[in-house]
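**Student:** Top line first, the protein sequences correspond to chains A and B. Residue 118, in this note's numbering, is where the first sequence stops; the numbers in between run on with no holes. Residue 227, in this note's numbering, is where the second sequence stops; the numbers in between run on with no holes.
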Amino acid sequence: GAVVSQHPSWVICKSGTSVKIECRSLDFQATTMFWYRQFPKQSLMLMATSNEGSKATYEQGVEKDKFLINHASLTLSTLTVTSAHPEDSSFYICSARDQLAGGLYEQYFGPGTRLTVT
Amino acid sequence: EDQVTQSPEALRLQEGESSSLNCSYTVSGLRGLFWYRQDPGKGPEFLFTLYSAGEEKEKERLKATLTKKESFLHITAPKPEDSATYLCAVQVHDYKLSFGAGTTVTVRA
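Here you go:
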């Protein structure tokens, strides 16, 4: 299957600072990537859809000025958590859509980034 | 509103004891149903995508099936390494995935 990487795998930052998380599709080009967050013992919640070369689409309730998304190339999307606060501490996971023949596709996830804001 | 419900919430199996996980969905215009495996502290690992009712896919001890209202993930003769949370997700018209809450499977040796 296709491979998606994330960096860093974990990060600790102080309240008020910004943190950037990278998501890369390693062996395929992804025009669309997605960003999720997951709280302990809960399922994944979609935050935003990242489209290469255009603005991200945010889900209802997600602050676009706080969670900045950039999809500058077909293999890289970044999520920047600005002015982070302890309530932003979570597990952030990206995914990338791999187009298959016949208009079908599969979606692969990165390993996740554990963010802790102190 | 699209809904995805997984059951049971947790499943404890003895090694070799086959069982099934259920994913029922209420969506308009299903484009695909996805199964993932997630280990603690890791991202979901892709297992299967099913696109139409009647479709079946297999991978080692896992077999996924799809009807118009639900999907089953059958685990045949599970081993302890099959212990994980199994997530079901549906995709409708805009390529976004809506996830169920997951089923946590524990297989005892």
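C-beta atoms are modelled at their ideal positions from N, C-alpha and C, and glycine is treated no differently.
On the CB-based measure, 16 or more other CB atoms within 10 Å of its CB, does residue 169 of chain B come out buried or exposed?
**Tutor:** Residue 169 of chain B is exposed by the Cβ-count criterion.
**Student:** DSSP three-state call for residue 98 of chain A: helix, strand or coil?
**Tutor:** Note: residue 98 of chain A maps to strand in three-state DSSP.
**Student:** With a cut-off of 8 Å, do at least 3 Cβ pairs link the region 125-142 of chain B to the region 39-55 of chain A?
**Tutor:** Result no; under three Cβ-Cβ pairs closer than 8 Å.
**Student:** Does residue 219 of chain B get closer than 8 Å to chain A when you measure Cβ to Cβ?
**Tutor:** Yes - at least one Cβ of chain A is within 8 Å of the one on residue 219 of chain B.
**Student:** Do you know offhand how far residue 24 of chain A's Cα is from residue 30 of chain A's?
**Tutor:** If I take the Cα positions, the gap works out to 9 Å.
**Student:** In whole angstroms, give me the CA-to-CA distance for residue 43 of chain A and residue 220 of chain B.
**Tutor:** Their backbone Cα atoms lie some 7 Å apart in a straight line.
**Student:** Hey, could you find the ends of the beta strand (DSSP E) residue 108 of chain A is sitting in?
**Tutor:** Element bounds for residue 108 of chain A: 105-109.
**Student:** Let me know the secondary structure DSSP gives residue 163 of chain B once reduced to three states.
**Tutor:** Three-state result, residue 163 of chain B: strand.
**Student:** Please return the same chain residues whose Cβ sits closer than 6 Å to the Cβ of residue 144 of chain B, not counting the five positions on each side in sequence.
**Tutor:** Closer than 6 Å at the Cβ level, and outside the excluded window around residue 144 of chain B, lie 121.
**Student:** Check each candidate in B:187, B:139, B:202 and name the one with the smallest Cα separation from residue 146 of chain B.
**Tutor:** Residue B:187 is the option with its Cα nearest to residue 146 of chain B.
**Student:** Would you list, in chain order, the members of the region 135-167 of chain B that have their beta-carbon closer than 8 Å to a beta-carbon of chain E?
**Tutor:** No chain E is part of this structure, whose protein chains are labelled A and B.
**Student:** What do you get for residue 98 of chain A, buried or exposed, if any count of 16 or more other CB atoms within 10 angstroms of its CB means buried?
**Tutor:** Residue 98 of chain A is buried by the Cβ-count criterion.
**Student:** So is residue 111 of chain A in contact with chain B if we call contact Cβ pairs under 8 Å?
**Tutor:** Yes, residue 111 of chain A lies at the interface with chain B (some Cβ there is under 8 Å from its Cβ).
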